[in-house]
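Just so you know, the sequences run in chain order A and B. Per the working numbering, the first sequence starts with residue 40, numbered consecutively. Per the working numbering, the second sequence starts with residue 3, numbered consecutively. Every residue gets a Cβ at the ideal spot worked out from N, C-alpha and C, and that includes glycine. Shown next, in C-alpha cells, is the structure this report addresses.
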Amino acid sequence: MARLAQSVPRNRTVRFAVLGNSVQRAAAPGYPSSRSSAVKRRIIVGGLVLLSLVLITVSFRSSALDGVQGTVAGALRPFEIAADRVSRPFRDAAGWAHGLASAKSDNRKLRTQVQTLQQQLIQDEGAVNENVQLKAQLNYHGPPSLQRFRRVSAAVLANPLTALDESITIAAGSDDGVKNGNVVITPQGLVGTVDKSRGSISRVTLLTDAQSAVTATDLTNPAAVGVVRRGGGGSDVLVFDRVPKAPYVGIGDTVITAGSVSRALPSLFPHGIPIGTVSSTSGNDINIFQTIQVEPFVNFATLQSVIVLVPKR
Amino acid sequence: MSGAKAALVLFVAALFQLAVLTEYHPFRASSIVLVALLSVALLRGSTFGAVAGFGTGLLLDTATLGTLGVTSLLLTVAGFWIGRYGETTARDRFHAPFLSVAVVTVVYSYADLGLRFLLGQSAPAAVVTHALLVALLLNLLLTLPVYALIRRLFPPLELGGRVREVRLLG
Numbered sequence: 040m041a042r043l044a045q046s047v048p049r050n051r052t053v054r055f056a057v058l059g060n061s062v063q064r065a066a067a068p069g070y071p072s073s074r075s076s077a078v079k080r081r082i083i084v085g086g087l088v089l090l091s092l093v094l095i096t097v098s099f100r101s102s103a104l105d106g107v108q109g110t111v112a113g114a115l116r117p118f119e120i121a122a123d124r125v126s127r128p129f130r131d132a133a134g135w136a137h138g139l140a141s142a143k144s145d146n147r148k149l150r151t152q153v154q155t156l157q158q159q160l161i162q163d164e165g166a167v168n169e170n171v172q173l174k175a176q177l178n179y180h181g182p183p184s185l186q187r188f189r190r191v192s193a194a195v196l197a198n199p200l201t202a203l204d205e206s207i208t209i210a211a212g213s214d215d216g217v218k219n220g221n222v223v224i225t226p227q228g229l230v231g232t233v234d235k236s237r238g239s240i241s242r243v244t245l246l247t248d249a250q251s252a253v254t255a256t257d258l259t260n261p262a263a264v265g266v267v268r269r270g271g272g273g274s275d276v277l278v279f280d281r282v283p284k285a286p287y288v289g290i291g292d293t294v295i296t297a298g299s300v301s302r303a304l305p306s307l308f309p310h311g312i313p314i315g316t317v318s319s320t321s322g323n324d325i326n327i328f329q330t331i332q333v334e335p336f337v338n339f340a341t342l343q344s345v346i347v348l349v350p351k352r
Numbered sequence: 003m004s005g006a007k008a009a010l011v012l013f014v015a016a017l018f019q020l021a022v023l024t025e026y027h028p029f030r031a032s033s034i035v036l037v038a039l040l041s042v043a044l045l046r047g048s049t050f051g052a053v054a055g056f057g058t059g060l061l062l063d064t065a066t067l068g069t070l071g072v073t074s075l076l077l078t079v080a081g082f083w084i085g086r087y088g089e090t091t092a093r094d095r096f097h098a099p100f101l102s103v104a105v106v107t108v109v110y111s112y113a114d115l116g117l118r119f120l121l122g123q124s125a126p127a128a129v130v131t132h133a134l135l136v137a138l139l140l141n142l143l144l145t146l147p148v149y150a151l152i153r154r155l156f157p158p159l160e161l162g163g164r165v166r167e168v169r170l171l172g
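Structure follows, in C-alpha cells:
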C-alpha cells in the first residue's frame, strides 16, 4: 500500500499517464455508472415523468382522484396543525415585538378614528332604521344579502406556496357544508371563492388571482357598477374596471360587491361585502371607461382565519 | 435506511414550508423543500433525487389540493438533473449546492409558469420575474444551513469508496 502511494501521487498529471503510470479511478459505489445502471436509471426517471403526466391529465380532466386526494390531505392535516402550533410562539413573539414598535403611533391614530366613527355610527343607525321601514312599506326585493348565508369559520392551513400561487387551503370542507363556488370573507372584506372542496379541507382562490372577478359598485355612488379584478403587471393591485365615466368615482370611496337580482344568472356574491377603497382614478379621451385602482381591505398575505358563506336552504 | 431518512427530512421540510414559511409574505418566494431536495439529490445521485422529487411533489400537490402531478413533474426533473450533476462533476466542490440551487430556482420558476400556462391557469410572467431575485437570494441563504444539515444526515458515499477504487492497470 505504501509502495502504491509512492508510485502514484495523489495529484498526478497527464504526463504521468502518458509515461505509463496509468491509473483509473472507477466510479464511487453510491453512483452506479455501468451501462445497465444507466438504462435502469433512465427507465426509473422516464417512468416517474410519465406517471406525473398521467396524474396531471387525470387530475385536470376528471374528478377520479379527488376522493384519494381529499383523504390524504385530511390525513396530513394533523401534521400541519402540529407544525403550526410549534411555530406559533415564535410568530407571536415576532408579532409582539413588531406591535410594540408601532404601538404609540397606532394608539394616537386609533383614538382619533374612534371619535370619528362614533359620530358616524349615530348617523348610520338612523339611516338603517329608516331603510328598514321604507323597505317594509314598499315590499322591496333586492339582491341577496349576507343574512341569507350561514357562516362557517375556518383556520387557514396553508397560504400561497409560490409567488404565482393565489390560493389558500382552509380547514373546512364538504363535511361542513362548504361547496365549490361559496364566497369566502373576513371581517375586513372579500377574500375569494372556494375552488375545491373535499372532506375537511378546501382550496380558496383569492380575489388577487388573475382568473377571479366580482361585480362591484361604489358605496357612495351606487350607479357606478363595474368589475373588480386583478390589475396587470406584477403588482397585487386590484382594478375597478368597466365603470363608465358618467357616474364619477372619487378617491377614498368604498367599493362593495354589487350582487344581482337576476334569477336567471344570479351572482355568487351577496350584496354589500366590502372590497376596498379607491386609491386612484384616471381617464383619457380614447377610453370610454375610467381607470380606477382599488386598495383591498383584506391583507391577502397574512390571512389566519376566514369565514365561508354557505347559502341557507 | 437512506430512503426513510430522506422521506422524513423532505416531509418535515414540506410541513415547514406549508405551515411556517408561507405565513410570512417575504418568504413565500423561497422554497426550503427545493433546497432540501437538491441537497439530497447532490449527495445521493440522480435516481434517488428523481424518486425523492416525485414523492415530495405529490405530497405538496395533495396538501394544497392542487393539480396532482404538476409539482411532482418539476421536482422529479430537478432532482434527477442535480443528481446527475452530483454524480459527474460536482463532487467535493464547495460551490456545487449554491450553483445547483441558483440554477434550479430560476429554471423551476419559469418551468412552473410554462406548465401553468399550458394548463390554462393564470400565469403572469411579470409576477415570476419580480419575485425571482428575492427567491434566488432567500434560497441561497437557506442553502448553507440546509445543505450542512443534510450532509450530516447523508454523508457523501464516495469518500469511503475512493481508496478502494484505485487500481493499477499498467
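Whole angstroms are fine: how far does the CA of S144 of chain A sit from the CA of N219 of chain A?
Going by the C-alpha atoms only, they are around 42 Å apart.
Within 8 Å of any Cβ in chain A, is that where the Cβ of A15 of chain B sits?
Chain A contact via Cβ: absent.
By Cβ distance, which residues of its chain are closer than 8 Å to G68 of chain B, with the 5 residues on each side in sequence left out?
Counting only Cβ-Cβ distances below 8 Å, and skipping sequence neighbours, we find L62.
Let me confirm a value: P199 of chain A is counted as buried when at least 16 other C-beta atoms fall within 10 Å, else exposed. Which label applies?
It counts as buried.
How long is the line joining the alpha carbons of E371 of chain A and I224 of chain A, rounded to whole angstroms?
With chain A covering 40 to 352 only, the question about residue 371 of chain A has no answer from this structure.
Give the DSSP-derived three-state secondary structure of R127 of chain A in the structure shown.
Here R127 of chain A sits in helix by DSSP.
Taking just the CA atoms, how far does S251 of chain A sit from A137 of chain B?
Rounded to whole angstroms, A137 of chain B to S251 of chain A spans 25 Å at the Cα level.
Would you call S32 of chain B buried or exposed, if buried means 16 or more other Cβ atoms sit within 10 Å of its Cβ?
Result: buried.
Give every residue of the same chain whose Cβ lies closer than 7 Å to the Cβ of A38 of chain B, excluding the five residues on either side of it in the sequence, and list them in chain order.
If we look at A38 of chain B and ignore the five residues flanking it on each side, its Cβ neighbours are V11, L12, A15, V148, I152.
Look at the Cβ atom of R116 of chain A, then the Cβ atom of L196 of chain A, and state whether they are nearer than 8 Å.
Yes, they are a contact pair.
Can you name the residues that DSSP bridges to H283 of chain A?
Per the sequence shown, the amino acid found at residue 283 of chain A is Pro instead of His. The partner list for P283 of chain A (beta bridge, DSSP) reads A:F328.
Measuring only the C-alpha atoms, how far is Q332 of chain A from V276 of chain A?
For Q332 of chain A and V276 of chain A, the distance between alpha carbons rounds to 7 Å.
By DSSP, does A54 of chain B sit in helix, in strand, or in coil?
The answer is helix: DSSP assigns A54 of chain B an H, G or I state.
Name, please, each residue of chain E whose Cβ falls closer than 7 Å to the Cβ of R80 of chain A.
Reference to chain E is not applicable here, since the protein chains of this structure are A and B.
Taking only three categories from DSSP, how would you classify I95 of chain A?
Helix.
Taking the CB atoms as reference points, tell me whether L229 of chain A and V337 of chain A lie closer together than 8 Å.
Yes, they are a contact pair.
List the residues of chain B whose Cβ lies closer than 7 Å to the Cβ of P305 of chain A, in chain order.
Near P305 of chain A there are no residues of chain B at all, since even the closest Cβ is about 25 Å away, more than 7 Å.
Which residue wins for smallest C-alpha separation from G122 of chain B, given the options A:T96, A:G165, A:T201, A:Q108?
The residue with the shortest Cα to Cα distance from G122 of chain B is A:T96.
Could you pull out every residue in the same chain whose Cβ sits closer than 7 Å to the Cβ of V217 of chain A, ignoring the five residues on either side in sequence?
Counting only Cβ-Cβ distances below 7 Å, and skipping sequence neighbours, we find V191, A211, V233, S236, S241, V347, V349.
Helix, strand or coil, according to DSSP, for L160 of chain A in the structure here?
Helix, per DSSP.
Given a threshold of 16 other Cβ atoms within 10 Å of its Cβ, counted over all protein chains shown, does Q63 of chain A qualify as buried or as exposed?
The predicted model places Q63 of chain A with a pLDDT of 49, which falls under 50 and marks its position as unreliable; any figure quoted below should be read in that light. Q63 of chain A should be labelled exposed.
Hey, quick one: how far does the beta strand (DSSP E) through R269 of chain A stretch, first residue to last?
Counting along the chain, the beta strand (DSSP E) containing R269 of chain A begins and ends at 264-269.
Does the Cβ-Cβ distance between A255 of chain A and R269 of chain A come in under 8 Å?
It is not a contact, given that the beta carbons lie outside the stated cut-off.
Does the separation of the CB atoms of V42 of chain B and A6 of chain B fall below 8 Å?
Contact: no.
Short of 8 Å Cβ to Cβ, which residues in the region 123-147 of chain A face chain B?
Under the 8 Å Cβ criterion, the region 123-147 of chain A contributes D123, S126, R130.
So, is N323 of chain A buried or exposed, given that buried needs 16 or more other C-beta atoms within 10 angstroms?
Label assigned to N323 of chain A: exposed.
Just checking my contact of V106 of chain B with I84 of chain B at CB under 8 Å: how many whole Å lie between their CB atoms?
Right, their Cβ atoms sit about 6 Å apart.
To the nearest angstrom, report how far apart L258 of chain A and P183 of chain A are at their CA atoms.
Answer to the nearest angstrom: the Cα atoms are 16 Å apart.
Alpha carbon to alpha carbon, how far is R81 of chain A from R281 of chain A?
Each residue's alpha carbon lies about 53 Å from the other.
Output the boundary residues of the beta strand (DSSP E) element that contains L348 of chain A.
Taken as a continuous stretch (DSSP letters only), the beta strand (DSSP E) holding L348 of chain A covers 344-350.
Quick one: what's P147 of chain B bridged to in DSSP?
Bridge partners of P147 of chain B: none, in fact.
Indicate the three-state DSSP secondary structure (helix, strand or coil) for G138 of chain A in the structure shown.
Three-state DSSP puts G138 of chain A in a helix.
So which residues of chain B does R237 of chain A contact, with C-beta pairs closer than 8 Å?
Neighbours of R237 of chain A on chain B, chain order: L67.
Where does I34 of chain B land, buried or exposed, given buried means 16+ other C-beta within 10 angstroms?
Burial call: buried.
Cutting at 6 Å between CB atoms, please list the residues of its own chain near F82 of chain B, excluding the five before and the five after it.
S48, G51, A52.
If you draw a straight line from the C-alpha of R154 of chain B to the C-alpha of L146 of chain B, how long is it?
Their backbone Cα atoms lie some 12 Å apart in a straight line.
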